[in-house]
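**Q** Structure in structure tokens, see below.
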Amino acid sequence: KIMAYLVIAIVALIGNTLVIVVICRNKNLRKAINFFILNMAISDLFIPVISIPLRLYALFTDSVFGVWPFSGKTGLVLCKLSMFLADSSPIVSVLSLVFMTFDRFNAVVFPFKAHLVSSNVRVCLLTLSWLFAFGFCAPYFYAVKLQPYGEQDMCVLDWGPAHNQSSAMDIYSTTACVLFTIVPFVLLSIMYSIILCILRKQSLAHPTARQASKRRQRNNRNIVLMALAIVFVFAFCWGPY
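Under UniProt numbering, the residue at position 170 of the sequence shown is numbered 170, and the numbers go up by one with no gaps.
Printed below as a string of structure tokens:
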């Protein structure tokens, strides 16, 4: 397990860092879709920086995951902040994926209105992904607590005493599953299905020169593969969760 976590952490850290550096330093890559990818890379850094080190700590110390290495007020603040950022990360990534798909959907389905989704609108969408994620995870600052566990403390999600722990956890988890797994998957499937149908109709309705036709077919094939990959990878990664 330790080796697996180390490999995942290193690959995620290097991969996302490279994406950020390449997009920021290469002016040719500063396109609309790449800013959504950049946003996802930034949010994904929280996983190798926060989540995986905590799991490695539990494995190295042969303790239960959640046992906290810090105590006192500082430990409590770090406990709340780490869980808050770690759970905000996948929400930002999911919303970025949905907004990126919406941007492509608008460009293909409404090509003459694509200019309405300006750079300012995209910035607002990216900002919204963080605000929505932080807003949904804001209750963590109440619910995340340090509880005694033997001679150590454990960082846990405890909705008491204001709420029943079991029912509150079920409601919160179900809401998260619906909002950030089921709904996004349905939206992605619908939007990419429409995109592919329109591209297919366009290729059939406007026959052009042989070279242009081959180029269009190749582009359409790449879009089909990318669309299917995005939807299936999304379902594969988030379905079990």
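Ideal placement from N, C-alpha and C gives every residue a C-beta, glycine not left out.
What would DSSP say about P90, mapped onto helix, strand or coil?
**A** In this structure, P90 counts as helix in the three-state DSSP scheme.
**Q** Quick one, which of I14, I195 and I8 has its alpha-carbon nearest P111's?
**A** That would be I195, whose Cα lies nearest to the Cα of P111.
**Q** Counting pairs of Cβ atoms below 8 Å between the segment 20–38 and the segment 54–73, do you hit three or more?
**A** no
**Q** Do three or more CB pairs link the segment 51–66 to the segment 130–140 at distances below 8 Å?
**A** no
**Q** Using alpha carbons as the reference points, say which of I8, N34, K145 and S166 lies closest to F46.
**A** I8
**Q** When the Cα of K201 is compared with those of V109, M100 and F84, which residue comes out closest?
**A** The shortest Cα separation from K201 among V109, M100 and F84 belongs to V109.
**Q** In three-state DSSP terms, what is D158?
**A** coil
**Q** Please report how far the alpha carbon of A32 lies from the alpha carbon of R122, in whole angstroms.
**A** 8 Å
**Q** Could you check if N39 is buried or exposed, using at least 16 other CB atoms within 10 Å of its CB as the buried criterion?
**A** buried
**Q** How many angstroms separate the CA atom of G75 from the CA atom of G150?
**A** 16 Å
**Q** Near Y140, what residues of its chain come up, given a Cβ to Cβ distance below 8 Å and the 5 sequence neighbours on each side ignored?
**A** K80, M83, F84, D87 and L157
**Q** Can you tell me which residues form a DSSP beta bridge with M68?
**A** Checking the displayed sequence, the identity of residue 68 turns out to be Trp instead of Met. Residue pairing of W68 in beta bridges, as defined by DSSP: D153.
**Q** If V98 sits next to L179, beta carbons under 8 Å apart, how far is it from one beta carbon to the other, in whole angstroms?
**A** At roughly 11 Å, the Cβ-Cβ gap does not stay under 8 Å, so V98 and L179 are not in contact.
**Q** Taking only three categories from DSSP, how would you classify P139?
**A** In the structure shown, P139 sits in coil (DSSP, three-state: anything other than H, G, I, E or B).
**Q** Report the rounded CA-to-CA distance for I20 versus I50, giving the unit in angstroms.
**A** Distance between the alpha carbons of I20 and I50 is about 18 Å.
**Q** Could you give the DSSP three-state label for K1: helix, strand or coil?
**A** coil
**Q** Count the other CB atoms, across all protein chains shown, that sit within 10 Å of the CB of I14; report buried if there are 16 or more and exposed otherwise.
**A** exposed
**Q** Provide the residue(s) that pair with K145 in DSSP beta bridges, ordered along the chain.
**A** V156
**Q** Return the CA-CA distance between F236 and A229, expressed in angstroms with no decimal places.
**A** 10 Å
**Q** Specify the secondary structure class of N28 as computed by DSSP and reduced to three states.
**A** Helix, per DSSP.
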